[in-house]
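First the structure, in the form of C-alpha cells, and then the observations on it.
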Amino acid sequence: MKLKGTLLFIGDSITESGRWEDAEGIGNGYVRVIHDYLAHRDPEIFLNILNKGVGGDRITDLAARWEKDVLQYNPTVVSISIGINDVWRQLDSPEKKAVLPDEFIHLYADLLKQLKDKTGASIILMEPTILQEDLYSEGNRKLKPYVEGVKMLAEKFDAVLVPTHEAFCNYLQYENRKIMTTDGVHMNSIGNMLMAKTWLKAVLTE
1 MKLKGTLLFI GDSITESGRW EDAEGIGNGY VRVIHDYLAH RDPEIFLNIL
51 NKGVGGDRIT DLAARWEKDV LQYNPTVVSI SIGINDVWRQ LDSPEKKAVL
101 PDEFIHLYAD LLKQLKDKTG ASIILMEPTI LQEDLYSEGN RKLKPYVEGV
151 KMLAEKFDAV LVPTHEAFCN YLQYENRKIM TTDGVHMNSI GNMLMAKTWL
201 KAVLTE
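Here full-length UniProt numbering is used: the first residue of the sequence shown is 1, the next is one more, and so on.
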C-alpha cells in the first residue's frame with residue numbers, strides 16, 4: 001500500500017498511548033514507532049499522521065465520535081484497532097451492557113461503509129491484541145469471535161488485515177519470551193514494537 005496524504009490511527013488506549021502529553025500528538029506507543037520508521041524510510045513523501053486513540057473506547061464509542069474524529073479529516077488511509085475493551089468490560093464491569101460479537105461486527109461494518117462512501121479512504125484493520133499474556137485466559141477465549149469478525153470485515157471491505165492477535169499468540173508460545181504488557185493489556189516497549197512490526201509488514205507488502 002502506498003502511504004501518502006493523511007494516515008489516521010483510531011482506537012482505544014493502546015493506540016492513544018500518551019498522545020495527549022506529546023507535542024506532536026503521536027504518543028509513545030506503536031503509532032510512534034510506525035511514525036518514526038516511515039519518517040526515516042521515506043523522508044521525501046509527505047505523510048500527515050494523526051492519532052485519534054481514546055482510552056477505554058469500545059466500538060460503540062468509536063461510532064459516537066466517527067464523524068468528529070475520522071470523517072471530518074477526509075483521511076487518505078485509516079488504521080483501526082478496536083475490540084479489546086468490548087471484551088474486557090465483560091470481565092471487569094459485568095454490570096455494563098455488553099457489546100457482543102454480532103453487535104460489534106454490525107457496528108464496525110457500518111463505520112467502514114461510512115468511511116468508504118464519504119472519503120474513499122484505504123482501510124487497515126488491526127486484529128485485537130490480547131487479554132492477559134496467557135493463550136488460555138478467559139479474555140483471550142472470549143476475544144476469538146471478535147478477531148474472526150475483524151478478519152471477515154477486512155475481506156468484505158477490501159482492507160489490509162494486520163494479524164496482531166496472531167502475532168501475539170505466536171510470541172506467547174516461546175519459552176524465553178519477554179513480557180509484552182504492563183498489565184496484561186497495555187503495551188510496554190516490546191509489545192509496541194511487535195504491534196508496529198506486524199503493522200509495517202502487513203501494510204508495506206500490500
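Beta carbons: idealized from backbone N, C-alpha and C, even for Gly. Just so you know, these numbers come straight off a predicted model, no measurement behind them.
Residue i, DSSP secondary structure in three states
i: Asn-51; result: strand
i: Leu-8; result: strand
i: Leu-91; result: helix
i: Met-181; result: It is worth fixing the name first, because residue 181 is Thr in this sequence and not Met. Of the three classes helix, strand and coil, the one that applies to Thr-181 here is strand, per DSSP.
i: Ser-79; result: strand
i: Met-1; result: coil
i: Gly-139; result: helix
i: Arg-58; result: coil
i: Gln-114; result: helix
i: Lys-97; result: coil
i: Thr-205; result: coil
i: Asp-22; result: coil
i: Leu-131; result: coil
Residues bridged to residue i (per DSSP)
i: Leu-161; result: Leu-125
i: Met-152; result: BP columns for Met-152 are empty, so no partner.
i: Met-187; result: Thr-181
Of the listed residues the options, nearest to residue i (C-alpha basis)
i: His-165; options: Ile-34, Pro-145, Ala-109 and Asp-158; result: Pro-145
i: Ile-84; options: Tyr-73, Leu-47 and Val-147; result: Val-147
Endpoints, the alpha helix (DSSP H) within which residue i is located
i: Thr-15; result: 13-16
i: Tyr-30; result: 30-41
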